[in-house]
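A short worksheet on the structure shown next.
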Amino acid sequence: MMSTPGFAHLHVHTEYSLLDGSNKIKECIARTKELGMDSVAITDHGVMYGVIDFYKEALAAGVKPIIGCEVYVATGSRFDRETAGGEDRYNHLVLLAENNTGYQNLIRLVSIGFQEGYYYRPQVDKEVLQQYHEGLIALSACLAGEIPRLLARGFYEEAKKAACWYRDVFGADHFYLELQDHGLDEQQRINPSILRISQETGIGLVATNDVHYTYAEDMASHDVLLCIQTGKKLSDEDRMRYEGGQYYLKSPEEMQELFPYALSALENTVKIAERCNVEIRFHERKLPVFDTPAPYTSEAYLRKLCDEGLKRRYQAQAEEHRDRLEYELSVISGMGFVDYFLIVWDFIRYAKEQHIAVGPGRGSAAGSIVSYCLGITDIDPLKYQLLFERFLNPERISMPDIDVDFCFERRQEVINYVIEKYGKEKVSQIVTFGTLQAKGVIRDVGRVMDLPYARVDAIAKMVPNELGITIDKALKLNPDLRQAYEEDPQIKALIDMGMRLEGLPRHTSIHAAGVVICRAPVYEYVPLSRGSDGEMTTQYTMNTLEELGLLKMDVRNVR
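Note that numbering that gives the first Met the number 0 numbers the sequence shown so that position 320 is 319, with each residue one more than the last.
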C-alpha cells in the first residue's frame, strides 16, 4: 500500500532522452518499487524510443507503466522555420496516454513532430493537439512550458488564458497545472501564481519532479553526461547544467515535504495514474496483404509458384520432394505466413529481373523447400538434410526470419521497389542506437574531466578488444587496469564515472539492413523518427517491431 497521501511520478526522463537523461529504465523501475510506489510514467523529450522496454520492465516488476512524452509545442505553426527565438520557438508539454486511443494519438503526435515539424527539435503545434487530443492527459510541464514561461515574465493573464485553452481542448479533467520545486528561485516565484490560476479556473494541480537521473548521488555523473552532450568540460563556467541536484526519483515522503500546502496535487498524481491504462499487445501479427493476381487467393498463388518452382528445381521429382513441400505449405498456411513468403518472393524476383545480385540465402531459411522453390534461397534443403523446423516451428510462435543479401551498390533499388509497391507511408527503415561503450565512455569522461589526453588514451587502451566488453569485465581481465584503478584516485574517479554512464544510448542511426512493411501507415503502429540524413525511421528497434507482430525484412548490403 502507498503511504498517505500517495504519489506517482508523472514527469520522468529515462536514458532515451538522449544524453540528457541518465535514468536507466531497469534502475528507474526497481527504485520506484523500492520506494513503495506502484506506478511511474515515462515522458522523454519529444520521443518514445524507450516506451516498449519501459512497459515490459514495469509489468515484470509489478509496477504500472504510464506511457507519455514531453513534447515540444511550436509557439506558431509546426511548419515555421524561423531561426530567431532559440528555445522560445517552442514550449514543453507533458502528454500521458489514458487509454489505447491516447496511446495511438501520442504515437501520431510524436510522429508528426518528426514528419512535419522537425526543426532542431520535433515540434507539434496547437492545431494537431486539437486534432489528436482524445485519450490524452496533458500537464503544463516544467519552467519551459508555455504557462510557466508566461508567469516567469509577469504575464499572469496571458498564462491564465493559455491554461484555459489547454483545459478547453483536452477537457476539464484532462489538463493539469504542474507544480515543481527543485530549489530554483524561478519556481518559487511562479508556484503561487500557478495556485492562483488553479483557484480561479478550477483547473487541477499535480506535483511533479522533473526526473533526469535515478539516485541523488547520480547528480555528478548526470552533469558529466550533459557535458558529453554539449561538448563542454566540467571546468567551463558557461555551460548547461541542472542546478541543485534535485532531479532524481524522489520518494512520496520527499514530495510531501516539498508540497505540504498542495496535498491535492500529490493525490491527483495517484488518481491520474489509476486512470492511465494502456495495453500493448505482443505477437499479434499485423502482416501486410500481398496483392495476388485474379483469380488467385494468397494460398492458391503461393501453391502455384511452389509447384512451378518444384518442377524447375527437381527435374526428377521424388515423393519426398512433394511430401516436404506439402508439409511446409500446411505449416506456413496454419501459422498465417503465406503473405510473408509472397512478399519476400516478389522483391527477390524483382531484383533478379533487374540483374541486381542476390545472395543464395543463409541462416535457417535455407532449411525450407518452399524458400528453395520460390528462389528465395538457392540451397536444396533435402540434399543437405536441413531441418525446416529450425526455420519455422508450429511449437514456437515466432516470425520467420529470412536474411537476404543484395549488391551494396543497388540495394536501395530494391527498397525503392518495396516503397513503390506498398506505399511510402507503409514502409520505413528502422532505428538502431549507438551507446556509450567501455573505451569510448572512458575517453568521453576523460575529456569532460579535462584529464591529460595521453593518460586517458592509455587507460582506454587497457580495455581488451572484445565484443561486448564492459569496464567491469576489463578490470577483472587486465591486472594493469585494476592496479591503476586501485592506486590512482584520479583514474578511479574516471573509471567509476565511466561505469555509471556506460551503456547509455548516445545517438540514433539507421539499421544497416532493416526495413519494416506495414498493412497501414507505419505511424498507426509505431512512432516515427528522422535519421541524420532526413530519412524517416521507426522509433522502435528491429526486435521490438518483431515482438509487436510487424513484418521486418533484413535487406543486407554485400560487397
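Where is the CB? At the ideal position from N, CA and C, for every residue including glycine. In this text the structure is predicted, and so the values were computed from the model without any measurement.
- Query: Using the beta-carbon count (16 or more within 10 Å), is Ile441 buried or exposed?
  - Reply: To locate residue 441, count along the sequence shown from 1; it is residue 442. Counting Cβ neighbours within 10 Å, Ile441 comes out buried, since at least 16 surround it.
- Lys249 by DSSP, collapsed to three states: which one? The residue labelled residue 249 in the question sits at position 250 within the sequence shown. Looking at Lys249 - three-state DSSP - the assignment turns out to be coil, as it is neither helix nor strand.
- Apply the 10 Å Cβ neighbour rule to Ala453 and answer buried if 16 or more other Cβ atoms are within range, or exposed otherwise. Here residue 453 refers to the residue found at position 454 of the sequence shown. Burial call: exposed.
- Query: Which word fits Asn464, buried or exposed, when buried means at least 16 other C-beta atoms lie within 10 angstroms of its C-beta?
  - Reply: Against the sequence shown, residue 464 aligns to sequence position 465. When all chains shown are included, Asn464 counts as exposed.
- Query: Out of curiosity, what's the CA-to-CA distance linking Thr268 and Leu138?
  - Reply: Residue mapping note: residue 268 aligns to position 269 of the sequence shown, counting from 1. Residue mapping note: residue 138 aligns to position 139 of the sequence shown, counting from 1. C-alpha separation (whole angstroms): 11 angstroms.
- Please state if the CB of Thr507 and the CB of Phe390 are separated by a distance shorter than 7 angstroms. Position 391 of the sequence shown holds residue 390. Position 508 of the sequence shown holds residue 507. No, these two residues do not count as a Cβ contact at 7 angstroms.
- Which residue from Gly182, Cys163, Lys270, Gln228 puts its Cα closest to that of Glu256? Taking the sequence shown and counting its residues from 1, one reaches residue 256 at position 257. The shortest Cα separation from Glu256 among Gly182, Cys163, Lys270, Gln228 belongs to Gly182.
- Query: To which residues of the same chain is Ile396 closer than 7 angstroms at the C-beta, ignoring the five residues directly before and after it?
  - Reply: Residue mapping note: residue 396 aligns to position 397 of the sequence shown, counting from 1. Within the same chain, Ile396 has close Cβ partners His282.
- Supposed close pair Arg77, Asp43 - CB separation, criterion 8 angstroms: The residue you call residue 77 lines up with position 78 of the sequence shown. The residue you call residue 43 lines up with position 44 of the sequence shown. With a Cβ gap of about 19 angstroms, Arg77 and Asp43 do not count as contacting.
- Go through its chain and collect everything with a Cβ distance to Phe387's Cβ below 6 angstroms, but skip five positions before and after it. What you label residue 387 is simply residue 388 of the sequence shown in a count that begins at 1. The answer, listed in chain order, is Glu327, Gly366, Ser367.
- Item | Pairwise C-alpha distance: Lys472 and Glu33 | Along the sequence shown, one-based indexing puts residue 33 at 34. Along the sequence shown, one-based indexing puts residue 472 at 473. Approximately 28 angstroms, taken between the alpha carbons.
- Message: How far does the alpha helix (DSSP H) with Gly445 in it extend, from its first residue to its last?
- Response: Residue mapping note: residue 445 aligns to position 446 of the sequence shown, counting from 1. Unbroken alpha helix (DSSP H) run through Gly445: 437 to 447.
- How would you label Asn90, buried or exposed, when you count the other beta carbons within 10 angstroms and need 16 or more for buried? Along the sequence shown, read from residue 1 onward, the residue named residue 90 stands at position 91. Buried: at least 16 other Cβ atoms inside 10 Å.
- Task: Going by CA-CA distance only, name the one from Thr434, Pro393, Gln489 that's closest to Ile458.
- Result: One-based indexing of the sequence shown puts residue 458 at position 459. It is Gln489.
- Message: For the beta strand (DSSP E) containing His506, name the first residue and the last one.
- Response: Locating residue 506 in the sequence shown gives position 507, counting from the first residue. Element bounds for His506: 504 to 516.
- Could you tell me the distance, in whole angstroms, from the CA atom of Asp400 to the CA atom of Leu550? Working through the sequence shown from its first residue, we reach residue 400 at position 401. Working through the sequence shown from its first residue, we reach residue 550 at position 551. Whole-angstrom Cα-Cα distance: 10 angstroms.
- Please work out which residues of its chain come closer than 8 angstroms, Cβ to Cβ, to Gln187, disregarding the five sequence neighbours upstream and downstream, and give them in chain order. Sequence index remark: in the sequence shown, residue 187 carries index 188 (1-based). Excluding residues up to 5 positions away in sequence, Asp180 lie with their Cβ nearer than 8 angstroms to the Cβ of Gln187 in the same chain.
- Message: Suppose the cutoff is 7 angstroms on Cβ atoms and the five residues either side in sequence are ignored; what does the same chain contact list for Met0 look like?
- Response: Here the question's residue 0 lines up with position 1 in the sequence shown. Note that Met0 has pLDDT 38, beneath the 50 cutoff, so the model's placement of it is unreliable and the number below is only indicative. Closer than 7 angstroms at the Cβ level, and outside the excluded window around Met0, lies no residue.
- Item | Supposed contact pair Val39 and Val62 - C-beta distance, whole angstroms, cut 8 angstroms | Taking the sequence shown and counting its residues from 1, one reaches residue 62 at position 63. Taking the sequence shown and counting its residues from 1, one reaches residue 39 at position 40. Contact flag correct, Cβ pair sits at about 6 angstroms.
- Consult DSSP for Asp404 and reduce its assignment to one of helix, strand or coil. On the sequence shown, position 405 is the one that residue 404 refers to. Correct three-state label for Asp404: strand.
- Message: Just to check my reading of the structure: Thr376 and Pro359 have Cβ atoms closer than 8 angstroms, yes? What is that Cβ distance to the nearest angstrom?
- Response: One-based indexing of the sequence shown puts residue 376 at position 377. One-based indexing of the sequence shown puts residue 359 at position 360. Confirmed, about 6 angstroms.
- Query: Hey, how far is the Cα of Arg529 from the Cα of Asn99?
  - Reply: Residue mapping note: residue 529 aligns to position 530 of the sequence shown, counting from 1. Residue mapping note: residue 99 aligns to position 100 of the sequence shown, counting from 1. In a straight line, the C-alpha of Arg529 is about 24 angstroms away from that of Asn99.
- Query: What residues in its chain sit with their C-beta under 6 angstroms from that of Ser2, if we drop five residues either side in the sequence?
  - Reply: As a working mapping, residue 2 is identified with position 3 in the sequence shown. Confidence at Ser2 is low in this model, with a pLDDT of 43, below 50, so the placement of that residue should be treated as unreliable; the coordinate-derived value is given next. Cβ within range, chain order: Pro251.
- Task: Indicate whether the contact test is met: 3 or more Cβ pairs, each with one atom in the stretch 517 to 534 and one in the stretch 278 to 296, closer than 8 angstroms.
- Result: yes
- Query: Looking at the structure shown, is Ile355 part of a helix, part of a strand, or coil, going by DSSP?
  - Reply: Your numbering for residue 355 matches position 356 in the sequence shown. It is coil, neither helix nor strand.
- Task: Determine the DSSP secondary structure at Met0, reduced to helix, strand or coil.
- Result: For this step, residue 0 is matched to residue 1 along the sequence shown. Note that Met0 scores 38 on pLDDT, short of 50, meaning its location in the model is unreliable and no value can be drawn from it.
- Message: On the DSSP letters alone, give me the boundaries of the alpha helix (DSSP H) that Thr100 sits inside.
- Response: For this step, residue 100 is matched to residue 101 along the sequence shown. 99 to 114 is the span of the alpha helix (DSSP H), which, as asked, contains Thr100.
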